[in-house]
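There are 4 protein chains.
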Amino acid sequence: MAGVNKVILVGNLGKDPEVRHLDNGRAVANFSLATSETYKNKQGERVTNTEWHNIVLWTPLAEIAEKFLKKGNQVYIEGKLTTRSWDDQDGNKRYTTEVVGREMTLLGGRPDGSSSGTGNGGDNMAESPVSNIPEDDTDDLPF
Amino acid sequence: MAGVNKVILVGNLGKDPEVRHLDNGRAVANFSLATSETYKNKQGERVTNTEWHNIVLWTPLAEIAEKFLKKGNQVYIEGKLTTRSWDDQDGNKRYTTEVVGREMTLLGGRPDGSSSGTGNGGDNMAESPVSNIPEDDTDDLPF
Amino acid sequence: MAGVNKVILVGNLGKDPEVRHLDNGRAVANFSLATSETYKNKQGERVTNTEWHNIVLWTPLAEIAEKFLKKGNQVYIEGKLTTRSWDDQDGNKRYTTEVVGREMTLLGGRPDGSSSGTGNGGDNMAESPVSNIPEDDTDDLPF
Amino acid sequence: MAGVNKVILVGNLGKDPEVRHLDNGRAVANFSLATSETYKNKQGERVTNTEWHNIVLWTPLAEIAEKFLKKGNQVYIEGKLTTRSWDDQDGNKRYTTEVVGREMTLLGGRPDGSSSGTGNGGDNMAESPVSNIPEDDTDDLPF
DNA sequence: TTTT
DNA sequence: TTTT
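Residue numbers (UniProt numbering), protein chains in the order written: chain U, 1 to 143; chain B, 1 to 143; chain H, 1 to 143; chain E, 1 to 143.
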């Protein structure tokens, strides 16, 4: 029964997150994330191999994604692999594998090129680690 | 372009690995791995949620899997996520996500209940970490 | 300011955990964990390199360690690196680096070779993943 | 004997790497890396907790660090924990724990603010993942 | 399809 | 101090 199911990604968003706000007050964000590796092949040519991942974030990460993540941003995401099935129009069972994030950190510079020290305020935490994992004596919400 | 694409799993094999030996001398092993988590739901009932992962191992991990891994065995696998596409009989594009392992450790007791000290020899390393990552001054092959 | 500080270990306890119950109701467990890697050196000799880690677990993982972990057990531990300083008898500043666990899974067979189905009861969950990270709609305590 | 000893860090360099080139042709780089987490304490005040890690990189990562890493840069580092002992001037045994990197990715923007598209060339790969782990059919050196 |  |  013991199990570990962990995914660690550092990549760039292929597009802005799509965020849906559910009736129960929760939100869910979806976006694709590209992780690229570069190497030289036998011919000595530089080759880039890009892998795309389907990311799913739930409250409170979904709201943070909505506010701070944009197409092109580089993020660290830790989560778990989940595969769900559905029936397509031909009646075939199909499977989609997604990474459900549980920790997220926006990497690199200012989220959208804004300078620091703006009155925005939210900017101040955009590079902080955010998660839905409580620390001792802490409030894990970034603001 | 920087990227990290890492998966860490501890789970149990759903069945024996299927190993194909290719014409080019390489081998590839496939098997499904279950990772389970148990929790209590709101009604206080214990619930087990199992996720199945498609594992792919190439030489030399494939041969090690062939020799030492059996249905039910618990293993640690580190690898990367890859999604490949193919066309089904209805002409639809379909996708399969797999974990391509790059490091593997057989966990727990003797692989199949055999006692230690058999003449088999190979048994002695079945719980050693195996990988295709060279260490300094080392031979990464387990035997 | 963004940061990730993650340690993932699979190893064996060098001795039984030492558990202290604090006045504030919390408990803390300490033990050393060995992670070994085996390789062949240039002379073709098998060499084992063992690294020892100082593990610290707080409530509720400390109580779980107290009940289920014993010298020799193999565990998966995920946590973070922390270094604390203290002054030795010569007035020198000294540093100790520890891994503060936040998720733990007992690996392999029965904790101490006991068969399943004992009246102990607690035994039943000893191989379940345990953590202090809440899941949705779940009770993360193992019992 | 099975073991996993893995550290994953995303942090910022506290100072430029110190690189020594050894007589045997190998190089070793040392620097400290800060990983910070921010949270709100019980008083609702934002608190930042910074942990410092001793990083050690060997050839070829050492040379890459020498060329591309500078104080303040944000990097992803994957490696293993090692503790080595030494005797201090008072004859006491002392221990230092370090993270020996095996994979590294420079995060965020241009390494030192240089614009892209320079003739430098090396710039082009500074954000690529670098490691001493061979891929199939690849040259793992970044240039 | 695994495991407890 | 563990494990195989």
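Think of the CB as a built atom: it goes at the ideal place given N, C-alpha and C, for glycine as much as any other residue.
For L33/U, which option in N41/U, Q89/U and E98/U has the closest C-alpha, if you only look at C-alpha atoms? The residue given as residue 33/U occupies position 33 in the first sequence. Among N41/U, Q89/U and E98/U, the Cα nearest to that of L33/U belongs to E98/U.
Could you list which residues in chain E have their beta carbon closer than 7 Å to that of L9/H, in chain order? Position 9 of the third sequence, counted from the first residue, corresponds to residue 9/H. Going along chain E in sequence order, the residues near L9/H (Cβ under 7 Å) are V4 and N5.
For a contact meaning CB atoms closer than 8 Å, what does N41/H contact in chain E? In the third sequence, counting from the first residue as 1, residue 41/H sits at position 41. What N41/H touches in chain E: nothing, since even the nearest Cβ is about 16 Å away.
May I have the straight-line CA-CA distance separating I77/B from G101/H, to the nearest angstrom? Here residue 77/B corresponds to residue number 77 of the second sequence, with the count starting at 1. Here residue 101/H corresponds to residue number 101 of the third sequence, with the count starting at 1. Distance between the alpha carbons of I77/B and G101/H is about 20 Å.
Chain B contact residues for D105/H, given Cβ-Cβ distances below 8 Å: Numbered from its first residue, the third sequence carries residue 105/H at position 105. Sequence inspection shows Thr at residue 105/H; the Asp mentioned does not correspond to that position. Within 8 Å Cβ-Cβ: V10.
Can you check whether the CB of R26/H is closer than 9 Å to the CB of W58/H? Against the third sequence, residue 58/H aligns to sequence position 58. Against the third sequence, residue 26/H aligns to sequence position 26. Against a cut-off of 9 Å, the Cβ pair of R26/H and W58/H comes out as a contact.
Just to confirm, are V7/U and V10/B a CB contact at a threshold of 9 Å? Position 7 of the first sequence, counted from the first residue, corresponds to residue 7/U. Position 10 of the second sequence, counted from the first residue, corresponds to residue 10/B. For V7/U and V10/B, no; Cβs fall outside 9 Å.
Cβ contact (3+ pairs, closer than 8 Å) linking the region 29–47 of chain H and the region 62–79 of chain H: Flag = yes, the region 29–47 of chain H and the region 62–79 of chain H touch.
Hey, would you say L107/B sits closer than 9 Å to N73/B, going by beta carbons? In the second sequence, counting from the first residue as 1, residue 107/B sits at position 107. In the second sequence, counting from the first residue as 1, residue 73/B sits at position 73. Against a cut-off of 9 Å, the Cβ pair of N73/B and L107/B comes out as a contact.
Just to confirm my understanding: we take T82/B, look at its own chain, exclude 5 residues before and 5 after, and list those with CB closer than 6 Å. What are they? Position 82 of the second sequence, counting from 1, holds the residue named residue 82/B. Here the set comprises E98 and V100.
Please go through the region 66–98 of chain E and give each complete beta strand (DSSP E) segment of 3 or more residues, from N-terminal end onward. 74–87
Given that Y76/E touches chain U, what residues does it touch there, using C-beta distances under 9 Å? As a first step, residue 76/E is located in the fourth sequence; it is residue number 76 there, counting from the start. Residues of chain U passing the Cβ test: V10, Y76 and L107.
Pull up the DSSP beta-bridge partners for R20/U, would you. Translated into positions along the first sequence, residue 20/U becomes position 20. Note: R20/U sits in a beta bridge opposite V28/U.
Residue from I55/B, N92/B, S85/B and D90/B with nearest C-alpha to V19/B: As a working note, residue 19/B is residue 19 in the second sequence. That would be I55/B, whose Cα lies nearest to the Cα of V19/B.
From what residue to what residue does the beta strand (DSSP E) around L13/U run? As a working mapping, residue 13/U is identified with position 13 in the first sequence. V4 to L13 is the extent of the beta strand (DSSP E) around L13/U.
What number of angstroms, rounded off, separates the C-alpha of G121/E from the C-alpha of P17/E? Taking the fourth sequence and counting its residues from 1, one reaches residue 121/E at position 121. Taking the fourth sequence and counting its residues from 1, one reaches residue 17/E at position 17. Low confidence applies to G121/E: its pLDDT is 30, below 50, so where it sits in the model is not reliable enough to give any reading.
Count the other CB atoms within 10 Å of the CB of G91/U; is the residue buried (16 or more) or exposed (fewer)? The count along the first sequence starts at 1 and reaches residue 91/U at position 91. Exposed, by the Cβ-count rule.
M104/H to A2/U, Cα distance in whole Å? Counted from its first residue, the third sequence places residue 104/H at position 104. Counted from its first residue, the first sequence places residue 2/U at position 2. Distance between the alpha carbons of M104/H and A2/U: 9 Å.
My output table needs one value for L107/H: the three-state DSSP class, helix, strand or coil. Against the third sequence, residue 107/H aligns to sequence position 107. L107/H: coil per DSSP, three-state reduction.
Around the C-beta of T48/U, are 16 or more other C-beta atoms found within 10 angstroms, so that it is buried, or is it exposed? Against the first sequence, residue 48/U aligns to sequence position 48. Per the 10 Å Cβ criterion, exposed.
Is the CB of E45/B under 9 Å away from at least one CB in chain U? For the purposes of this step, residue 45/B is taken as the residue at position 45 of the second sequence. Answer no: the Cβ-Cβ gap between E45/B and chain U never drops below 9 Å.
Please list, in chain order, all residues of the same chain as R94/B whose beta carbon is under 8 Å from its beta carbon, the five residues on each side excluded. By 1-based counting over the second sequence, the position of residue 94/B is 94. If we look at R94/B and ignore the five residues flanking it on each side, its Cβ neighbours are S85, W86, D87 and D88.
How is the beta strand (DSSP E) around E45/H delimited, first residue to last? Within the third sequence, residue 45/H is the residue found at index 45, counting from 1. Membership of E45/H in any beta strand (DSSP E) is not indicated, and neither H nor E is assigned to it by DSSP.
Same chain, Cβ closer than 6 Å to T50/B, neighbours up to 5 away in sequence not counted: The residue labelled residue 50/B in the question sits at position 50 within the second sequence. Within the same chain, T50/B has close Cβ partners A34 and S36.
Is K42/E buried or exposed, if buried means 16 or more other CB atoms sit within 10 Å of its CB? Here residue 42/E refers to the residue found at position 42 of the fourth sequence. Per the 10 Å Cβ criterion, exposed.
Pick from T96/U, N24/U, K71/U and E45/U: whose alpha carbon is nearest that of N12/U? As a working note, residue 12/U is residue 12 in the first sequence. It is K71/U.
Using the Cα positions of G14/H and V75/H, report the straight-line distance between them to the nearest angstrom. Taking the third sequence and counting its residues from 1, one reaches residue 14/H at position 14. Taking the third sequence and counting its residues from 1, one reaches residue 75/H at position 75. Near 12 Å, if we compare the C-alpha coordinates of V75/H and G14/H.
Within chain H, partners of D88/E - CB distance below 8 Å: Working through the fourth sequence from its first residue, we reach residue 88/E at position 88. By Cβ distance, chain H contributes N92.
Strand pairing of I64/E, partner residues [DSSP]: Start at 1 with the first residue of the fourth sequence, and residue 64/E comes out as number 64. Beta-bridge pairing links I64/E to no other residue.
Near T38/B, which residues of its chain fall below 8 Å by C-beta distance, leaving aside the five closest residues on each side in sequence? Within the second sequence, the letter at position 38 stands for residue 38/B. Here the set comprises R46, V47, T48 and N49.
What does L69/U reach in chain B if we use C-beta pairs closer than 7 Å? In the first sequence, the residue the question calls residue 69/U occupies position 69. Counting only Cβ-Cβ distances below 7 Å, L69/U has no contacts in chain B at all, with the closest Cβ about 17 Å away.
Burial state of G44/H (16 or more Cβ within 10 Å): On the third sequence, residue 44/H is found 44 positions in, with the first residue counted as 1. It is exposed - the Cβ of G44/H has fewer than 16 other Cβ atoms within 10 Å.
In DSSP terms, what T38/B is bridged to: Position 38 of the second sequence, counting from 1, holds the residue named residue 38/B. Beta-bridge pairing links T38/B to T48/B.
Roughly how many angstroms separate the alpha carbons of E66/B and K80/U, rounded to a whole number? To locate residue 66/B, count along the second sequence from 1; it is residue 66. To locate residue 80/U, count along the first sequence from 1; it is residue 80. Computed Cα separation, rounded: 27 Å.
Chain B residues whose Cβ lies nearer than 8 Å to that of W52/U: The count along the first sequence starts at 1 and reaches residue 52/U at position 52. Chain B residues near W52/U: T83.
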